[in-house]
Amino acid sequence: MSETDKLLPPGATRSDGPTKPSKEMGGFKVTFTIPYTMDSVIKELLEPTNPLGASSEKLTFETVRAGWDGKSSVSRGYVRRVTFDEPFSGSTVSELVTLEELSNGWFLKWRQLQSTTRLNLIGDGDEFPEFSITLVNNSGDSTTATLDYNFKKVSLSGPLCCFACIMPKLLEWHLTKTIHLVWANEMASRGYQQTEKGKFTAVSQDKELEEAIKARAKAASENLSLRDKIVKCLNLPQ
Numbered sequence: 155m156s157e158t159d160k161l162l163p164p165g166a167t168r169s170d171g172p173t174k175p176s177k178e179m180g181g182f183k184v185t186f187t188i189p190y191t192m193d194s195v196i197k198e199l200l201e202p203t204n205p206l207g208a209s210s211e212k213l214t215f216e217t218v219r220a221g222w223d224g225k226s227s228v229s230r231g232y233v234r235r236v237t238f239d240e241p242f243s244g245s246t247v248s249e250l251v252t253l254e255e256l257s258n259g260w261f262l263k264w265r266q267l268q269s270t271t272r273l274n275l276i277g278d279g280d281e282f283p284e285f286s287i288t289l290v291n292n293s294g295d296s297t298t299a300t301l302d303y304n305f306k307k308v309s310l311s312g313p314l315c316c317f318a319c320i321m322p323k324l325l326e327w328h329l330t331k332t333i334h335l336v337w338a339n340e341m342a343s344r345g346y347q348q349t350e351k352g353k354f355t356a357v358s359q360d361k362e363l364e365e366a367i368k369a370r371a372k373a374a375s376e377n378l379s380l381r382d383k384i385v386k387c388l389n390l391p392q
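Residue 282 in my numbering sits at position 128 of the sequence shown, and the numbers go up by one each step.
1) Quick one, are the C-beta atoms of GLU284 and SER176 less than 8 Å apart?
2) Based on the DSSP output, what are the partners of ASP280 in its beta bridges?
3) Can you pull the DSSP bridge partners for ASN304?
4) Taking the alpha helix (DSSP H) that TRP327 belongs to, which residues open and close that run?
5) Hey, quick one: how far does the alpha helix (DSSP H) through GLU198 stretch, first residue to last?
6) Which residue spans inside the region 201–287 form an unbroken alpha helix (DSSP H) run of at least 4?
7) Please confirm whether any heavy atom of the ligand GDP lies closer than 7 Å to the CB of THR246.
8) Would LEU162 be called buried (16 or more neighbouring beta carbons within 10 Å of its own) or exposed?
9) For the beta strand (DSSP E) that contains PHE317, what are its first and last residues?
10) Please state whether the Cβ-Cβ distance between ASP302 and LYS174 is less than 8 Å.
11) What three-state label does DSSP hand LEU162 in the structure shown?
12) Considering only DSSP beta bridges, list what THR298 is partnered with.
13) Please classify SER269 as buried or exposed, where buried requires at least 16 other C-beta atoms within 10 Å of its C-beta.
14) Throw me the rounded Cβ distance for the LEU267 and VAL236 pair, which I believe falls under 8 Å.
15) Are the CB atoms of ILE333 and VAL308 nearer to each other than 8 Å?
16) Going by the DSSP bridge assignment, what does SER309 pair with across the sheet?
17) Given a cut-off of 8 Å on the beta-carbon distance, is the pair PRO189 and THR349 in contact?
18) Identify whether SER169 lies in helix, strand or coil by the three-state DSSP scheme.
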């Protein structure tokens, strides 16, 4: 075992052998299409210090361990640390456990090994939360992406801890509303031109989902007394 491997959190792979299959824990998926070629999208997704969809002054990316493929540091087995500024404050350590070129696209999966932020995705028992991306090439004119967040629940610390139960639906609604714009704007800012025949398709706004989130948030706030909120926030025994 290398000195780098000794510093990795439990759960990280120690060789380029097969990784254990993933367990479906819940979470959600978001699908959208942007008018950029798949080759350019996958290239930007694998940027080690500024991956597509995460361009922000509040995020810092650091390589913890290079991947197993000596040709590129960001390959299967690659481990990175992402440090968050306010309001989330903290860091996550994740491993790229799958990077596979498909017949008409790409599939990559990140497994979160450790998290110390105020908003944490929680797995199921010994299963770690995961985030995967499937890219589909639409005849070279556009790229369809499916983001799959696989986790059991969300934990929150700080003033918003009482809303942990509705956070998965809130995250799903927020990403459904904004992520296609984030990706498209970042591709443009990195100097890529939209394809002439490419489609730009946002996921349709789910009004029922939005109203359900608002209703659950209101009900949670009304049904909890001040004492209950403090008990829940501090994780005290009932």
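Glycine included, each C-beta is placed from N, C-alpha and C at the ideal position.
Predicted model, so just to flag it, every value in this text is computed and none were measured.
Reading from the atomic positions:
1) yes
2) Answer by DSSP bridge pairing: none, since ASP280 is not bridged.
3) GLU284
4) 321–343
5) 192–199
6) none
7) This structure lacks the ligand GDP; in fact it carries no ligand of any kind.
8) buried
9) It is not in any beta strand (DSSP E) - PHE317 carries neither H nor E in the DSSP assignment.
10) no
11) coil
12) THR187 and VAL290
13) buried
14) No, LEU267 and VAL236 are not in contact; Cβ-Cβ is about 12 Å, not under 8 Å.
15) no
16) ASN274
17) yes
18) coil
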